[in-house]
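Comments concern the structure below.
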Amino acid sequence: MKFGVVVFPGSNCDQDCLDVLRDVLGQPAVPLWHQETSLKGCDAVVLPGGFSYGDYLRTGAIARFSPIMRSVARLAKDGGLVLGVCNGFQILLEAGLLPGAMLRNTGLRFICRFVTLRVERADTPFTNRFQPGQVIRLPIAHNEGRYTADAKTLKAIRDHVVFRYCDEDGRVTDAANPNGSAGALAGLTNERGNVLGMMPHPERASDSALGSSDGRLVFESMLEAMVHA
Amino acid sequence: MKAKICITLKAGLLDAQGKTIKQALESLGFQGVQGVRVGKYLEIELNHGSVGATRKDVERMCQKLLANPIVETYRIDLGS
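Taken in order, these protein sequences are the chains called D and U.
Residue numbers in the first sequence follow this note's numbering, run continuously in steps of one, and reach 1502 at the last position.
Residue numbers in the second sequence follow this note's numbering, run continuously in steps of one, and reach 540 at the last position.
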């Protein structure tokens, strides 16, 4: 399975994603410059973290108009897997590929640390290698991670929340919510389940030498889903 | 013609910056500060002929790019 990692000006997690896909997952993976329009035959696409366009105006607001995004939207429409991590999640929201928006963390601080997450759905193409309710450790690194949507949308996405911030025992509490995100949401899929946005960085936790290898299961799940599609 | 655009978070959404600034003003001794909302201000120079056409275009700019209608509201003032 061939993976593509989109590179926007200001992306800074693209190389980490490529390394994990190539060296940990053992799959062909290519960078896709944002000005290109071809996905080069990739079966799945990752929008990596970083500061696309310097976060000018709003996070992801300008990147969503990059030429490559039309092809990403088409892939999503055709059922292909699209994973947005951190800034990639913010871009998916701005592009309307996922509902809602991100606001600045309640504490107004850029938060860079490991968090614990509860896997709410283990039946998606991104989480089939997890157990439902499993508590995992992944790092976050963001300033705008407070997910927000209107009441109607929050109700509609209840079953599409894939990861929630929780304490070490899996309890979703205010204290365990690092950024004030609605419903402690950390990861969200679209209705069809083939687009996932998540604020934590699975690519930074895909090798036990880095403190956690829980993130590797996200990529392994994608591979599993595509091989058996 | 110049379009002056003011973008703020929708009422009801927690404006964390505004809240912090309010606390800072209070700690400086300013009394009676009821609330602070922080926003963005943009000036756009346009050479459209009519006010109507300009307003229509700037509205579209706000809807498509400048503001995120999910969380923000905007106000447009046209002048020279």
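Built from N, CA and C at the ideal position, the CB exists for glycine as well.
This structure is a prediction, so every number in the text was calculated from the model and none was measured.
Relative to the C-alpha of residue i, which residue among the options is closest?
i: G1353 of chain D; options: D:H1474, D:S1486, D:S1481 and D:V1468; result: D:V1468
i: G478 of chain U; options: U:A463, U:S540 and U:G495; result: U:G495
i: K500 of chain U; options: U:L526, U:A471 and U:G512; result: U:L526
i: P1398 of chain D; options: D:M1499, D:G1283, D:C1286 and D:D1287; result: D:M1499
i: K462 of chain U; options: U:I481, U:V518, U:N528 and U:P529; result: U:V518
i: Q1363 of chain D; options: D:T1462, D:E1493, D:G1484 and D:M1495; result: D:T1462
i: N1401 of chain D; options: D:P1301, D:V1435 and D:R1337; result: D:V1435
i: C1385 of chain D; options: D:P1405, D:M1472 and D:L1496; result: D:M1472
i: F1403 of chain D; options: D:S1494, D:A1459, D:A1448 and D:S1485; result: D:S1494
Under 8 Å, Cβ to Cβ, is there at least one residue of chain U near residue i?
i: A1457 of chain D; result: no
i: L1370 of chain D; result: no
i: L1381 of chain D; result: yes
i: R1331 of chain D; result: yes
i: R1343 of chain D; result: no
i: T1421 of chain D; result: yes
i: R1394 of chain D; result: no
i: L1427 of chain D; result: no
i: A1346 of chain D; result: no
i: G1373 of chain D; result: yes
i: R1402 of chain D; result: no
Starting from residue i and walking both ways along the beta strand (DSSP E), at which residues does that stretch end?
i: R1437 of chain D; result: V1434 to C1439
i: C1385 of chain D; result: I1384 to V1392
i: K462 of chain U; result: K462 to L469
i: T1446 of chain D; result: No beta strand (DSSP E) contains T1446 of chain D, which DSSP labels as neither H nor E.
i: F1276 of chain D; result: F1276 to V1280
i: D537 of chain U; result: E532 to G539
i: G1373 of chain D; result: Taken as a continuous stretch (DSSP letters only), G1373 of chain D belongs to no beta strand (DSSP E), as it is neither H nor E.
Is the beta carbon of residue i less than 8 Å from the beta carbon of residue j?
i: L1411 of chain D; j: V1392 of chain D; result: no
i: R1419 of chain D; j: N1452 of chain D; result: yes
i: H1307 of chain D; j: V1278 of chain D; result: no
i: L1320 of chain D; j: L1365 of chain D; result: yes
i: M1274 of chain D; j: D1316 of chain D; result: yes
i: P1304 of chain D; j: L1291 of chain D; result: yes
i: L1370 of chain D; j: A1334 of chain D; result: no
i: C1439 of chain D; j: L1390 of chain D; result: yes
i: V1358 of chain D; j: H1474 of chain D; result: yes
i: L1356 of chain D; j: A476 of chain U; result: no
i: I465 of chain U; j: L502 of chain U; result: yes
i: N1450 of chain D; j: N1416 of chain D; result: no
i: T1332 of chain D; j: G1373 of chain D; result: no
i: L538 of chain U; j: R497 of chain U; result: no
i: Q1300 of chain D; j: L1496 of chain D; result: yes
i: A1302 of chain D; j: M1342 of chain D; result: no
Do we get a CB-CB distance below 8 Å when we pair residue i with the residues of chain D?
i: Q523 of chain U; result: no
i: V496 of chain U; result: no
i: A476 of chain U; result: yes
i: L473 of chain U; result: yes
i: I530 of chain U; result: yes
i: T480 of chain U; result: yes
What are the start and end residues of the alpha helix (DSSP H) that includes residue i?
i: I1364 of chain D; result: N1360 to E1367
i: R1489 of chain D; result: R1489 to V1500
i: L1291 of chain D; result: D1287 to D1292
i: T1397 of chain D; result: Note, T1397 of chain D: premise wrong, no alpha helix (DSSP H); not H, not E.
i: A1429 of chain D; result: A1424 to A1429
Please tell me whether, using a cut-off of 7 Å, the distance from the CB of residue i to the nearest non-hydrogen atom of the ligand ZN is below it.
i: A1368 of chain D; result: Looking for the ligand ZN in the displayed structure turns up nothing, as the structure carries no ligands at all.
Would you say residue i lies against chain C (beta-carbon separation less than 8 Å)?
i: A1498 of chain D; result: The displayed structure is made up of protein chains D and U, and chain C is not among them.
*asked:* Please give me, in chain order, every unbroken run of the beta strand (DSSP E) with length at least 3 that falls completely inside the stretch 481-529 of chain U.
replied: Complete beta strand (DSSP E) runs here, min 3: 499-505.
_Those runs of the beta strand (DSSP E) which lie wholly inside the stretch 1296-1365 of chain D and span at least 3 residues_ = List check, beta strand (DSSP E) in window: 1302-1306, 1317-1320 and 1354-1358.
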